[in-house]
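This report refers to the structure that appears directly beneath it.
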Amino acid sequence: MSSTEETHPPKEEEADPPKEEEADPPKEKEADIPKEEETDIPKEEVTSDAAQEEDSIKNIKSLVHDTKLEGGKSLWATTLETFGMADGKGKKGDVLADTEEEAVESIKSMLAACKDEAPKWQFTLTPLEQFNATLDDVLRAFVLWAKNDDEPIYNISKAFRRLDSYATWMEDHRSVLEAPLVVDSLTVAAHAWQCKLTHDAKDRLVWWIDVGALDIPSIKSSIPHDDSLRFFVWQSHLVMFDKKAQENGIILAQSMGEKGMIETMTMVPMSLGTKLDRLTIGTLPVKMQVFYIFNHKRWLGILMGMLKPFLSKKMRQRIVTIPRNQDPQTVMDKEIGRDFIPVGFAGLEGKAEDDIVFGQYIK
C-alpha cells in the first residue's frame, strides 16, 4: 500500500474552467482523430445574415445559462460538473494496490466498514441477476476503472469514491428502479431509443446513438420518462459488466441526425437529460476513450465551441466533432472499422448485423 500526491478537484464556479491536473491524452494517436474542434462556423455556411448567427449564439447561451434544474443549479453548471467527474480525482493519502486481486479485497474491506450505515450499500437496486453478476463483479468494475493507464497501480480510494457516487445515484432513484429491470419491461423504450452496442477491432465497446432514428413522438409523449430512465440504467449496467469495456474502455458514436437545437433539447425534460448524463459520464465505472459527434447542424458546433474551453485538456481531446464537410464514414471506417458499424446506422455503410442489445437481449 502507498499514497498518492494531492490533486485538487475542479472548482464549481461557472465563470472559470475546472482547474484540474492536466492528465495524459488517450493512447490513440492524435493523428488518427480529426483535428477540427468546430469552434467556428464552416466556411460554406457563412452567409451575409450575421444577425441571424448572432441570435443563434444568444439563444444557446440563454438556454444553457438560464435554464434552472432541480436545486436551482443551471444547466451549464451541471454539465460542467458532470464532465469534471468523468475521470475522478486522486487525493493525498489515497490507498493504492499493486494487483487487481489486492485491490478487490481492499475495496471489499472498505465496503464492509460502512455497509450497515445506509440502504444504498446493500446494492438491492443493482440488476445483478439480469446479468448473472455478483457484488464482487460490481466492485471489480470500479477497481478496473481506477487502474492507472500507464502502470498496474490501482487507486482503491478513488474507486471507492466512485462506488459511493454510484450507490448514491441509484438510491436517489429508488422509486423508479425498485421494480426489477427485466427485459420485458424495457422493450418499448429500447425500440424507441434504438441505442446499440458493438465491439470494435481494438476490443473496445462502442455505444451507438442515432438521434435521427429515435422515435421522438413516443419518447416525448407516450413512453413514461421513468421508463426511458430505466432503460438507460439497464443498458448502463450492460456496459459496466462488459469485460472488454472494463479492460479497453468505450467509444461513444453519436449521430445528431441533422436535428435542430430546440427539437434536440426538448426530446426529454432537461432534468431527465442531466440525470442520464450524470449516470453515464459522471457515475459509471467506464472509461470513455473517444466521443465522436457527427451529422450535426451548426448550433452544435457553436455549443461545443462554448463548452470546450471549460473542459480539461484530456476531455477536450476525447470529444471529436467531425466537421460537416468531412464524411463520417471515412472516420468511422478508420477508427472503428466497417465490420463493427451496425447495419443501417445513421446512413453509414456498416456490416454488423446484430448488436449486443438487440442481438442478445431485446427482441
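Okay, so the sequence shown: first residue is -3 according to my numbering, each after it adds one.
Cβ atoms here follow ideal geometry from the backbone N, Cα and C, with glycine treated the same way.
Predicted model only: the values in this text are computed from it and were never measured.
Residue i vs residue j beta-carbon contact at 7 Å
i, j, result
"A342", "D206", "yes"
"V264", "L225", "no"
"Q190", "A163", "no"
"I358", "G346", "no"
"I387", "M284", "Not covered by the structure: residue 387. The range shown for the chain is -3 to 359."
"Q231", "L140", "no"
"G86", "N144", "no"
"L121", "F138", "no"
"A185", "D223", "yes"
Length of the line joining the Cα atoms of residue i and residue j
i, j, result
"L193", "R200", "10 Å"
"G297", "D351", "30 Å"
"A175", "F306", "39 Å"
"K198", "W295", "33 Å"
"H292", "Q250", "10 Å"
"P213", "K271", "21 Å"
"N322", "V202", "It should be noted that the sequence gives Gln, not Asn, for residue 322. Roughly 21 Å between the two C-alpha positions."
"Y135", "V100", "One detail in the question is off: residue 135 reads as Leu in this sequence, not Tyr. Going from the Cα of L135 to the Cα of V100 covers about 7 Å."
"E219", "A348", "Residue identity differs from the one stated: residue 219 is Ile in this sequence, not Glu. Each residue's alpha carbon lies about 28 Å from the other."
"K216", "F228", "16 Å"
"L116", "K255", "Note on residue identity: the sequence assigns Lys, not Leu, to residue 116. Going from the Cα of K116 to the Cα of K255 covers about 39 Å."
"T326", "L248", "16 Å"
"L344", "R170", "39 Å"
"L182", "A188", "10 Å"
"A93", "S102", "8 Å"
"T262", "F287", "22 Å"
"D329", "N244", "19 Å"
"N128", "R274", "25 Å"
"G355", "Q126", "16 Å"
"D196", "E97", "28 Å"
"M257", "M302", "15 Å"
"T130", "D168", "22 Å"
"K239", "F119", "20 Å"
"L114", "A108", "Going by the sequence as given, residue 114 is Ala instead of Leu. Rounded to the nearest angstrom, the two C-alpha atoms are 12 Å apart."
Same chain only: Cβ atoms within 7 Å of residue i, ignoring 5 sequence neighbours per side
i, result
"D133", "F237"
"R157", "G84"
"C110", "W117"
"R334", "E345, G346 and K347"
"K104", "L135"
Cβ neighbours of residue i in the same chain (closer than 6 Å, five flanking residues each side left out)
i, result
"T95", "none"
"V353", "K192 and L193"
"P148", "none"
"P123", "L177 and H233"
"M106", "F156"
"D211", "A188"
"S161", "T279"
"P324", "F290 and I318"
8 Å contact criterion, which residue i and residue j should meet: CB distance rounded
i, j, result
"M266", "T260", "That pair is no contact at about 12 Å."
"H221", "L268", "5 Å"
"T276", "W165", "In fact, because the Cβ distance is near 11 Å, the residues do not count as touching under 8 Å."
"D112", "K154", "Contact doesn't hold; Cβ gap of about 24 Å is too wide."
Cβ-based neighbour list, residue i, same chain, cut-off 8 Å, excluding 5 preceding and 5 following
i, result
"V235", "L193, L201, W203, A241, I246, L280 and V282"
"V339", "G346, K347, A348 and E349"
Every unbroken beta strand (DSSP E) within the segment 174 to 255, with a cutoff of 3 residues, ordered by chain: 192 to 195, 201 to 206 and 246 to 251
Sequence ranges, beta strand (DSSP E) only - wholly within the segment 274 to 345, length at least 3: 284 to 290 and 315 to 317
Those runs of the alpha helix (DSSP H) which lie wholly inside the segment 83 to 135 and span at least 4 residues: 96 to 110
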